[in-house]
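Visitor: I have a structure here, written as structure tokens, and I will follow up with some questions on it.
2 protein chains.
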Amino acid sequence: MGLLVVGSLALDSVETPFDKINEALGGSATYISLAASYFSGPVELVGVVGSDFPREYIDLLRRNNIDLEGLQIIEGEKTFRWGGKYHYDLNVRDTLFTELNAFQNFNPIIPERFQKSKFVCLGNIDPLLQIRVLDQLNDPQLVVCDTMNYWIEGMKDDLLKLLRRVNVLIINDSEARLLTNEPNLIKASRLIRKLGPEILILKKGEHGAMLFMDDTIFSAPAYPLETIFDPTGAGDTFAGGFIGYLHKTRDLSSDNLKRAVIYGSSMASFCVEQFSTKALEDLSYLKIQDRFREFKNLSNFDQLEIDK
Amino acid sequence: MGLLVVGSLALDSVETPFDKINEALGGSATYISLAASYFSGPVELVGVVGSDFPREYIDLLRRNNIDLEGLQIIEGEKTFRWGGKYHYDLNVRDTLFTELNAFQNFNPIIPERFQKSKFVCLGNIDPLLQIRVLDQLNDPQLVVCDTMNYWIEGMKDDLLKLLRRVNVLIINDSEARLLTNEPNLIKASRLIRKLGPEILILKKGEHGAMLFMDDTIFSAPAYPLETIFDPTGAGDTFAGGFIGYLHKTRDLSSDNLKRAVIYGSSMASFCVEQFSTKALEDLSYLKIQDRFREFKNLSNFDQLEIDK
Numbered sequence: 126m127g128l129l130v131v132g133s134l135a136l137d138s139v140e141t142p143f144d145k146i147n148e149a150l151g152g153s154a155t156y157i158s159l160a161a162s163y164f165s166g167p168v169e170l171v172g173v174v175g176s177d178f179p180r181e182y183i184d185l186l187r188r189n190n191i192d193l194e195g196l197q198i199i200e201g202e203k204t205f206r207w208g209g210k211y212h213y214d215l216n217v218r219d220t221l222f223t224e225l226n227a228f229q230n231f232n233p234i235i236p237e238r239f240q241k242s243k244f245v246c247l248g249n250i251d252p253l254l255q256i257r258v259l260d261q262l263n264d265p266q267l268v269v270c271d272t273m274n275y276w277i278e279g280m281k282d283d284l285l286k287l288l289r290r291v292n293v294l295i296i297n298d299s300e301a302r303l304l305t306n307e308p309n310l311i312k313a314s315r316l317i318r319k320l321g322p323e324i325l326i327l328k329k330g331e332h333g334a335m336l337f338m339d340d341t342i343f344s345a346p347a348y349p350l351e352t353i354f355d356p357t358g359a360g361d362t363f364a365g366g367f368i369g370y371l372h373k374t375r376d377l378s379s380d381n382l383k384r385a386v387i388y389g390s391s392m393a394s395f396c397v398e399q400f401s402t403k404a405l406e407d408l409s410y411l412k413i414q415d416r417f418r419e420f421k422n423l424s425n426f427d428q429l430e431i432d433k
Numbered sequence: 126m127g128l129l130v131v132g133s134l135a136l137d138s139v140e141t142p143f144d145k146i147n148e149a150l151g152g153s154a155t156y157i158s159l160a161a162s163y164f165s166g167p168v169e170l171v172g173v174v175g176s177d178f179p180r181e182y183i184d185l186l187r188r189n190n191i192d193l194e195g196l197q198i199i200e201g202e203k204t205f206r207w208g209g210k211y212h213y214d215l216n217v218r219d220t221l222f223t224e225l226n227a228f229q230n231f232n233p234i235i236p237e238r239f240q241k242s243k244f245v246c247l248g249n250i251d252p253l254l255q256i257r258v259l260d261q262l263n264d265p266q267l268v269v270c271d272t273m274n275y276w277i278e279g280m281k282d283d284l285l286k287l288l289r290r291v292n293v294l295i296i297n298d299s300e301a302r303l304l305t306n307e308p309n310l311i312k313a314s315r316l317i318r319k320l321g322p323e324i325l326i327l328k329k330g331e332h333g334a335m336l337f338m339d340d341t342i343f344s345a346p347a348y349p350l351e352t353i354f355d356p357t358g359a360g361d362t363f364a365g366g367f368i369g370y371l372h373k374t375r376d377l378s379s380d381n382l383k384r385a386v387i388y389g390s391s392m393a394s395f396c397v398e399q400f401s402t403k404a405l406e407d408l409s410y411l412k413i414q415d416r417f418r419e420f421k422n423l424s425n426f427d428q429l430e431i432d433k
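In order, the protein sequences belong to chains A and H.
My numbering puts the first residue of the first sequence at 126, with every later residue one more than the last.
My numbering puts the first residue of the second sequence at 126, with every later residue one more than the last.
Structure (structure tokens):
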């Protein structure tokens, strides 16, 4: 019973107030797979790159227990490239360039061996492609999906079709408001869950994340970091930790979903401490457990019964 | 060992997308005292109103175990009036008018009986007046203080003098960034605590609140409300619940400070459910305990040790 991840692989050039890097490993499928691999492997990756995709990145993914049978390498094409710049306030970023290259005509083909996967994470790509992935699968049990303002604004009908087939939607708070035209996040979450996903996770950056499921609302803090080196990939890493932990434990109770949100948050907190995927390349399970415990200290409290 | 509250009393006219009210009871000292009174009374209030201040509001405060010996009623003057309008997105508000009236020349005089108070809450007023209050006190044990962007921008030197004498500063996240010129809230909190307050609480509206104390960082969620009727006074109500609970328990350990933050958040969540002080007029301790428990469900989780 596999864990399938579909999304982008990219070469990212990122500038922050602290440093800059050129053509580092990036892309939603990359971050999701690397994060998930710490919980449950091999992770089945489906994506596309050009023939210029560095051999060392292929090796890095393989070394991290990621099955690349579904990775298309298009001869003569270049890999998707993205360039971005973060300002001193890291909540704001400018996209400097986007070169889709091989990603432009991406047609996700799910290898037969992957079609029986029960856990699926659809990274942020065209909702029509996300639907095409689901069409090739044989009765998945848990479909987790990400999207972004670009698809909400430009492809809303297709997105709505997709959402009817999704179990967990992971988006950020501004995307939730955009999707529903409702400023109150609690109301917005109720509206979104009527569109299909039984479970909604709202990412709020420095303010943490919220889980909505049945009658449960769970609010997870963000890890308090004084220095965020590179926010790129934090959301994808969250999704990877989240689904990786669920795939490992096979427990979809609300108590376990809460833990999955904390594991996702833990992985995201590591991600932003270094450039690109660096922090996700040699983590240990012990470190992840330690961070999970730090989240517990950060948000748990006890009640003292006092009389009045 | 009393609990002293100094701040404004006002007649508020508030318009929201849901309703509007005219000349309802308002002001920082009002909200702080009412919230604190559910934990620990009598609350000693020091403030000023004009002779037009309605008798029914005096009665309301007295009925809620608030000691008004320090309330100055200026004959022939009018009470401080404030008018504001909230938009559909309740995070944004416009001030329609501010008439300082009797508040213009407020000189806080602490009655002798109140000067021995050990717990003090300085509502958001001119830092020079907040200093003048402290000068009249006989060795307070815990000074909690609020301020706002107006004083940070216009009276920074006086504010810095005040902060050296304050134990707990309660401000919102944008005020913390303004005070330190630092966008990262964790860094900003470290800088602020170097200015004097051992304990800092950052209010983040719909994103909850954070407590910084010794090496402890605690992140409290906001109560998930679908309808916020009137956000006016939420911050003051938070402060009142916080100091009221601490005054009741006389326990300044970090575990108890966390609880105080949750009681403050609980009181604030009630406050915004109705206009003006309505929700704070007939709460029960049972309801407050229930809401505290809801906060526990909202943010606590347990760890499941899994092997890898």
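Note that beta-carbon positions come from the ideal geometry of N, C-alpha and C, so glycine has one too.
So Val168 (chain A) packs on Val130 (chain A), CB below 8 Å; how close in whole Å?
Guide: About 6 Å separates the two Cβ atoms, so the contact holds.
Visitor: Can you tell which of A:Val258, A:Leu411, A:Pro252 has the C-alpha that lies nearest to the C-alpha of Val245 (chain A)?
Guide: Here the closest residue by C-alpha is A:Val258.
Visitor: Runs of 3 residues minimum, wholly inside the stretch 243 to 309 of chain A: which ones carry the beta strand (DSSP E) assignment?
Guide: Runs of the beta strand (DSSP E) inside the stretch 243 to 309 of chain A: 244 to 247, 267 to 271, 293 to 297.
Visitor: If you drop the 5 nearest sequence neighbours on each side, which residues of the same chain put their C-beta closer than 8 Å to that of Tyr410 (chain A)?
Guide: Tyr163, listed in sequence order.
Visitor: Taking contact to mean at least 3 C-beta pairs separated by less than 8 Å, is the stretch 136 to 145 of chain H in contact with the stretch 210 to 219 of chain H?
Guide: Judged by Cβ distances under 8 Å, the stretch 136 to 145 of chain H makes contact with the stretch 210 to 219 of chain H, as three or more pairs qualify.
Visitor: Are any of the Cβ atoms in chain A nearer than 8 Å to that of Ser299 (chain H)?
Guide: Judged by the 8 Å Cβ criterion, Ser299 (chain H) is not in contact with chain A.
Visitor: Would you mind listing the alpha helix (DSSP H) stretches within the stretch 137 to 163 of chain H that are 4+ residues and don't spill past its ends, in chain order?
Guide: If we require 4 residues or more, the alpha helix (DSSP H) runs fully inside the stretch 137 to 163 of chain H come out as 153 to 162.
Visitor: Quick one: what's got a C-beta closer than 6 Å to Met153 (chain A)'s C-beta in the same chain, skipping five residues either side?
Guide: Sequence inspection shows Ser at residue 153 (chain A); the Met mentioned does not correspond to that position. Taken in chain order, the residues that qualify are Gly132, Ser133, Gly248, Asn249, Asp361.
Visitor: Does the stretch 297 to 306 of chain H come into contact with the stretch 198 to 205 of chain A, if we say contact requires no fewer than three beta-carbon pairs (one atom in each stretch) closer than 8 Å?
Guide: No: fewer than three Cβ pairs fall under 8 Å.
Visitor: At the level of alpha carbons, what is the spacing between Ser138 (chain A) and Asp219 (chain A)?
Guide: C-alpha separation (whole angstroms): 12 Å.
Visitor: Count the other C-beta atoms from every protein chain shown that fall within 10 angstroms of the C-beta of Phe395 (chain H), then say buried if there are 16 or more, exposed otherwise.
Guide: By the neighbour-count rule (16 or more Cβ atoms within 10 Å), Phe395 (chain H) is buried.
Visitor: Do the stretch 381 to 389 of chain H and the stretch 363 to 371 of chain H make contact, defined as three or more Cβ pairs closer than 8 Å?
Guide: These segments touch.
Visitor: Below 7 Å on C-beta distance, what does Pro308 (chain A) contact in chain H?
Guide: Going along chain H in sequence order, the residues near Pro308 (chain A) (Cβ under 7 Å) are Tyr213, Asp214.
Visitor: Quick one: measure Cβ to Cβ for Ile256 (chain A) and Leu288 (chain A), integer angstroms, because I've assumed they're closer than 8 Å.
Guide: With a Cβ gap of about 10 Å, Ile256 (chain A) and Leu288 (chain A) do not count as contacting.
Visitor: Shorter than 8 Å from the beta carbon of Phe343 (chain H) to some beta carbon of chain A?
Guide: Yes - at least one Cβ of chain A is within 8 Å of the one on Phe343 (chain H).
Visitor: Quick one: which chain H residues come within Cβ less than 7 Å of Leu423 (chain A)?
Guide: Within 7 Å Cβ-Cβ: Ile342, Phe343, Ser344.
Visitor: Residue ranges of each alpha helix (DSSP H) run of no fewer than 4 residues wholly in the stretch 176 to 204 of chain H, ordered along the chain?
Guide: The qualifying runs are 180 to 188.
Visitor: Using a Cβ-Cβ cut-off of less than 9 Å, list which residues of the stretch 357 to 383 of chain A approach chain H; keep chain order.
Guide: Cβ contacts with chain H: Tyr370, Lys373, Thr374, Asp376, Asp380, Asn381, Lys383.
Visitor: Against chain A, which members of the stretch 399 to 410 of chain H pass a CB distance test of less than 8 Å?
Guide: From the stretch 399 to 410 of chain H, only Tyr410 have a Cβ closer than 8 Å to chain A.
Visitor: Quick one: what does DSSP say Gly127 (chain H) is sitting in, helix, strand or coil?
Guide: In this structure, Gly127 (chain H) counts as coil in the three-state DSSP scheme.
Visitor: Glu194 (chain H) to Pro322 (chain H), Cα distance in whole Å?
Guide: Rounded to whole angstroms, Glu194 (chain H) to Pro322 (chain H) spans 29 Å at the Cα level.
Visitor: In angstroms with no decimal places, state the Cα-to-Cα distance between Leu225 (chain H) and Thr357 (chain H).
Guide: When rounded, the distance between both Cα atoms is 17 Å.
Visitor: Using the beta-carbon of each residue, which ones in chain A are nearer than 8 Å to Arg290 (chain H)?
Guide: Going along chain A, no residue has its Cβ under 8 Å from Arg290 (chain H), so there is no contact; the nearest lies around 27 Å.
Visitor: Quick one: what does DSSP say Arg384 (chain H) is sitting in, helix, strand or coil?
Guide: Helix, per DSSP.
Visitor: At a Cβ threshold of 8 Å, is Glu331 (chain A) touching chain H?
Guide: Yes, because at least one Cβ of chain H sits closer than 8 Å to the Cβ of Glu331 (chain A).
Visitor: Would you report the Cα separation of Leu221 (chain A) and Gly279 (chain A), rounded to the nearest angstrom?
Guide: Taking the straight line joining both Cα atoms gives about 21 Å.
Visitor: Lys312 (chain A) touches chain H at which residues, Cβ-Cβ below 9 Å?
Guide: Under the 9 Å cutoff, chain H gives Glu351, Thr352.
Visitor: Start and end of the beta strand (DSSP E) containing Gly209 (chain A)?
Guide: Element bounds for Gly209 (chain A): 206 to 211.
Visitor: Name, please, each residue of chain H whose Cβ falls closer than 7 Å to the Cβ of Phe239 (chain A).
Guide: Within chain H, no residue comes near Phe239 (chain A); the closest Cβ sits about 23 Å away, beyond 7 Å.
Visitor: Should Glu406 (chain A) go down as buried or exposed, given a rule of 16 or more other Cβ atoms within 10 Å for buried?
Guide: It counts as exposed.
Visitor: Is there at least one Cβ from chain A nearer than 8 Å to Phe417 (chain H)'s Cβ?
Guide: Yes, Phe417 (chain H) counts as interfacial toward chain A.
Visitor: Per DSSP, which one or two residues make a beta bridge with Glu440 (chain H)?
Guide: Residue 440 (chain H) cannot be examined here, being either before or after the span of chain H that is shown, 126 to 433.
Visitor: For the alpha helix (DSSP H) containing Lys421 (chain H), list its first residue and its last residue.
Guide: That run of the alpha helix (DSSP H) goes 410 to 424.
Visitor: I want to verify the contact list: residues of chain A whose CB lies under 9 Å from the CB of Ile387 (chain H), in sequence order.
Guide: Ordered by position in chain A, the residues that pass the 9 Å Cβ test against Ile387 (chain H) are Phe426, Gln428.
Visitor: Using the Cα positions of Ser378 (chain H) and Leu382 (chain A), report the straight-line distance between them to the nearest angstrom.
Guide: Their Cα atoms are separated by approximately 32 Å.
Visitor: With DSSP run on the structure shown, which of helix, strand or coil describes Phe231 (chain A)?
Guide: Coil.
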